[in-house]
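Residue numbers (mature numbering (1 follows the signal peptide of the UniProt record, and there is no 0)): -17 to -1, 1 to 748.
Okay, here's the thing in structure tokens:
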């Protein structure tokens, strides 16, 4: 059995150190102004499109009828059956809004689905599946009467390789994360549910993310260019698709707490990006009353926090203007009307597991989609001499703690709905890993383990299975075994960062099985990066699958790939190094014990593959890497500006900002096209990837700016087309405070991964 242990735990105490309570805490004055102040908070106007305009008309008509006390009531959370509930004003029909986790399924409820995690669906590199994923999530939230879904997540982006919540996000690449954020947001809101883009912003580690006995929360200190080109970037896609809510984060950013950071909320989100919706605090994330209100926070959760009666008092004494309070409420109600939730939206069907309630089943046929995404996001990284797919085997040996379900499925049934709880006691996971831990974890109605699904296949073939789920050094495998399948995992959770990207028990298990089995297949369920160099070059390790966090249909999606019914086409959404030290300062979270701890993002733009490229470090498996049971070739790259491309250095300042930023940032100004051919003998899909090199010595070697998953029969050729927007080719100009289209030659590469780019072209601007 895999040993358990506490991993880099973070203190949850909301009480400062004794030094603070007796008045001897260090002064915060030296840190003032490092995050530029931006006031006043912009008044939402609904000018982005007709939908927002109509929503604002409805909202303003209601707000005009409210007293100050009623307005303040709407801006505070209340305890109820939902994770959070906003205040209501029943006399004019304003309902409480129901908020619920998580980005990969409704947490703690019955008759809901456990979808793959964000990092898994991103590994599909499939825009259509990303949308279907969001739509199915939205349908389940809507069916349960949940107004606001607390997802999708683009923060953390994945700056820290051992980050505890990287799996909740979509990728350490902002372009891939952005495409995913946009598609999932659109899917959720097409179902009539408010999507909440989170965590805004720079929430890149768990250690000291909150105030604790050690002092204040960590401060993520980042320069303005990296802020925009990496961390703001994926949120822009979500806003462009209409995200009606944004959640501010716990930690400080440039020494100002996320939910009272006027630069991030008033300046970037509501002014530069034209956000029309409301900003909600992370739970207990509000750190002040007047300051947070004036900085742009609109709704506090899960209770009144520093508001409630105190907000009424602040308005009455002039510390907060009534216009600011009215804007908070208008934004909340406009979001409600923007999604047309006033029209027969279901009553909340969210209940404690300790209550006997009439069940509302919202699962539909989502298990089929979960199975499809599970297979599509599985990444084949090694396959010697066609080991996979398995050839209708008669004899298999199964090893490892990850092959079967947990012996005890939960520890806290009242919180997790009596379901398959992952994160009890912050322990390393024993049992198959389908999701990560913490508030982002899903609650499955059942779990199809790899062993269960393999048994189903073997029994149909009247074959034989031998297994050992416990031992680190199992007895030599059954002599007739055609393959030995070893199942290991890498767990991660909210509230702590990972101790390692590997573990000794699992590595020993693989090595011990491989020592006695000439055809060892390793399957890794991982909540993020998992290094493999302890055994990857062992001659008896013939195939390796990164199976991610696939959700409730885990076993079925895996055997679809193992047996070859689905040809793997997943690609790594991060870089797997040869050794952990290759990540350099990006390996661990900042572990400062200072009262005012700092995490300085001195690397700027260079994280993940951008860092490996800049430092000329050869990874074990690069970003975008993934094999197939067939082979592909690329040819005939053409690239150039569109006929009517507007390529001025900066966007036209006379054009009004709308939600998502300046409209011209989203205009296509260039197009690339390439032919992709299946040169093998089985059908499959290849992800054609386009990277650009922006002119100038201060830019990454290459950056992902397009991808297309192309399905091909043997011998078939199809075109992949990449439309490049002004933003795709721009850099953030810190002095001009605008996106700048540089003059010069832009290199364009196309291929199957960030380091396998067989075609090259250029664009001249």
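For each residue, glycine too, the CB sits at the ideal point set by N, CA and C.
- At a Cβ-Cβ threshold of 8 Å, residue 26 and residue 48 do not count as neighbours.
- Take residue 701, set aside five residues on each side of it, and the residues of its chain with a beta-carbon closer than 7 Å to its own are 659, 693, 695, in chain order.
- With respect to the 8 Å criterion, residue 176 and residue 125 are classified as neighbours on the basis of their beta carbons.
- By the Cβ neighbour-count rule, residue 498 is exposed, with fewer than 16 other Cβ atoms within 10 Å of its own.
- Taking C-beta atoms as the reference points, residue 685 and residue 676 count as a pair closer than 8 Å.
- Between the segment 601 to 614 and the segment 220 to 228, the count of C-beta pairs closer than 8 Å stays below three; the two stretches do not touch.
- The straight-line gap separating the alpha-carbon atoms of residue 653 and residue 708 is approximately 7 Å.
- Non-local beta-carbon contacts of residue 258 in its own chain, meaning distances under 7 Å to residues more than five positions away in sequence, involve 222, 229, 252, 642 in chain order.
- The residues 187, 188, 201, 202, 203, 204, 572, 573, 575, in chain order, have a CB closer than 8 Å to that of residue 582 in the same chain once the five nearest residues on each side in sequence are set aside.
- For residue 182 and residue 347, the gap between their C-alpha atoms comes out near 29 Å.
- Secondary structure of residue 182 (DSSP, three-state): strand.
- Counting along the chain, residue 365 sits inside the beta strand (DSSP E) bounded by residues 362 to 366.
- Taking a contact as a CB-CB distance under 8 Å, the pair residue 427 and residue 97 counts as one, their CB atoms being some 3 Å apart.
- Looking at the DSSP output, residue 747 shares a beta bridge with 728.
- One Cα belongs to residue 703, the other to residue 553, and the distance between them is close to 17 Å.
- Closest in C-alpha terms to residue 105, from the list 532, 287, 716, comes 532.
- At least 8 Å separates the beta-carbon of residue 388 from that of residue 343.
- Taking the Cα positions, residue 113 is about 33 Å away from residue 636.
- If you draw a straight line from the Cα of residue 84 to the Cα of residue 351, it comes to about 22 Å.
- Residue state for residue 375 is assigned as coil, using DSSP reduced to three classes.
- Distance from the CA atom of residue 17 to the CA atom of residue 245, rounded to whole angstroms, is 12 Å.
- Between residue 483 and residue 421 the beta-carbon gap is near 19 Å, outside 8 Å, which marks them as no contact.
- DSSP, read as helix, strand or coil, puts residue 334 in coil.
- Taking the CA atoms as reference points, residue 587 sits about 10 Å from residue 682.
- Residue 230: member of the beta strand (DSSP E) spanning 228 to 231, first to last residue.
- Per DSSP, the beta-bridge partners of residue 420 are 476.
- For the options 316, 323, 622, 439, the alpha carbon positioned closest to that of residue 173 is the one of 323.
- Pairwise C-beta distances place the segment 450 to 467 out of contact with the segment 557 to 572, as fewer than three of them are shorter than 8 Å.
- For residue 127, the number of other beta carbons within 10 angstroms of its own is at least 16, and it is reported as buried.
- Note that the C-beta distance between residue 646 and residue 609 is not below 8 Å.
- Of the candidates 377, 385, 598, 377 places its Cα closest to the Cα of residue 444.
- Separation of residue 23 and residue 249 (C-alpha to C-alpha, rounded to the nearest whole angstrom) is 7 Å.
- Contact between residue 491 and residue 416 is absent: CB atoms are separated by about 19 Å, not below the 8 Å threshold.
- Between residue 665 and residue 525, the C-beta gap is not smaller than 8 Å, which leaves the two residues out of contact.
- Beyond the five residues adjoining it in sequence on each side, residue 440 comes within less than 7 Å, by CB distance, of 542, 546 in the same chain, given in chain order.
- For a cut-off of 8 Å, the C-beta gap from residue 733 to residue 657 is around 5 Å, short enough to register as a contact.
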